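Each residue of the sequence shown is one higher than the last, beginning at 1386 in the numbering used here.
Don't be surprised by glycine CBs; every beta carbon is placed ideally from N, CA and C.
Keep in mind that this is a model prediction, so the values were computed, not measured.
Input: a single structure, listed below in structure tokens.
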Amino acid sequence: MRGELTRGTLVAILAMGAVAFGAAAWLLLGPVWIIAGALVGPLVTAVVVASLRAFTSPDAATLLSNDQPGEAIARLRNEMPSWRTLARIWPSQFRDALANRLIVQSGALQAMNRDEEALRTADEAVAIYQDLAAERPGKYGPDLADALDHQSRLLAADDRLAEALTAIQVAVRLYRNLASAEPARYLPSLAECLTCEAGWLAEIDLPGDALAAVHEATDICQDKLPWRQLPPCAARAMLLEGELLCGQARYHEAARLLAKGWRMAAGQHLQDVLRDATPAIRAAYRADPDHFAAAWHAETGAEPPDWLTT
1386 MRGELTRGTL
1396 VAILAMGAVA
1406 FGAAAWLLLG
1416 PVWIIAGALV
1426 GPLVTAVVVA
1436 SLRAFTSPDA
1446 ATLLSNDQPG
1456 EAIARLRNEM
1466 PSWRTLARIW
1476 PSQFRDALAN
1486 RLIVQSGALQ
1496 AMNRDEEALR
1506 TADEAVAIYQ
1516 DLAAERPGKY
1526 GPDLADALDH
1536 QSRLLAADDR
1546 LAEALTAIQV
1556 AVRLYRNLAS
1566 AEPARYLPSL
1576 AECLTCEAGW
1586 LAEIDLPGDA
1596 LAAVHEATDI
1606 CQDKLPWRQL
1616 PPCAARAMLL
1626 EGELLCGQAR
1636 YHEAARLLAK
1646 GWRMAAGQHL
1656 QDVLRDATPA
1666 IRAAYRADPD
1676 HFAAAWHAET
1686 GAEPPDWLTT
């Protein structure tokens, strides 16, 4: 089962399954069960085929998570024709499996800096999940949200911010609905998407909309999640909200967010995030040094850095 499974080969396998199950039904249950056995046979055979292909070599998602994107791409290159064939012949059973592997493939391509291919692959996965979620939103809504999140980041990396925002805003709506039922599971993803949305809105000079989005993200991080479950975006969200507040001359509101975000980003060694926040921190300090120093000390337990006074 390691080679390419062509449509003709799969049809032959399914036909043999139908014959075998039809014959078994006749022998075990009588002639009237032949048709039922022939109908059930291809489904059981297809599931067995898919299972064998899934377990005869390392899973691509595992390879990707182990920082082996090249091996994941090679694995998927061999198995994708088979999944496409299964999805064409039996879409109700295998389209979601195909979409899942497309997302893994897209992530592996992205890790190999093959962004154009990664985006095309993500687009295909999103289209499949949109169709599936339209029919069964409860089951496929989370998959669609994840796929849109991934797609939006690839679009943003390609400087297609308008399209990225359209995708991420749909993901935000989906995650918001999901989080209302399962907050612990989906609030971190919602905060991540809101932070991305806010950053892109700020880039296209919509600071008011950006501030509304990032404020929701920081509210989630500060008030709705325990600190052990904070998403990776927490520091970026707080610093971005602080920057946007400084842009509106709301320096007192910005001070505590900037201090808290700085402490978290420094602990995570997010040098790019720290560098980007430096101008806002200088502005907040110069606007009211005493208030800023008090807020900084309250959040970090230390005095403001020396470079603020030099």
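Taking all protein chains shown into account, do 16 or more other C-beta atoms lie within 10 angstroms of the C-beta of residue i, making it buried, or fewer, making it exposed?
i, result
"Ala1532", "buried"
"Ile1589", "exposed"
"Pro1617", "exposed"
"Gln1614", "exposed"
"Ser1477", "exposed"
"Ser1565", "exposed"
"Arg1671", "exposed"
"Arg1621", "buried"
"Ala1503", "buried"
"Glu1582", "buried"
Return the CA-CA distance between residue i and residue j, expressed in angstroms with no decimal places.
i, j, result
"Arg1469", "Trp1647", "47 Å"
"Leu1572", "His1682", "29 Å"
"Ala1482", "Leu1559", "21 Å"
"Glu1601", "Leu1579", "7 Å"
"Cys1631", "Ile1666", "9 Å"
"Lys1524", "Glu1577", "22 Å"
"Ala1457", "Asp1661", "34 Å"
"Gly1584", "Leu1625", "8 Å"
"Ala1542", "Arg1460", "26 Å"
"Asp1691", "Val1599", "29 Å"
"Ser1537", "Ser1574", "14 Å"
"Ala1512", "Ala1639", "41 Å"
"Ser1450", "Glu1628", "34 Å"
Quick one: what does DSSP say residue i is sitting in, helix, strand or coil?
i, result
"Arg1538", "helix"
"Trp1468", "helix"
"Trp1612", "helix"
"Pro1527", "helix"
What span of residues does the alpha helix (DSSP H) with residue i cover, start to end?
i, result
"Pro1568", "1568-1588"
"Lys1645", "1636-1652"
"Asn1485", "1476-1496"
"Ile1666", "1656-1672"
"Gln1515", "1500-1520"
"Gly1593", "1592-1604"
"Leu1449", "1445-1450"
"Glu1628", "1619-1632"
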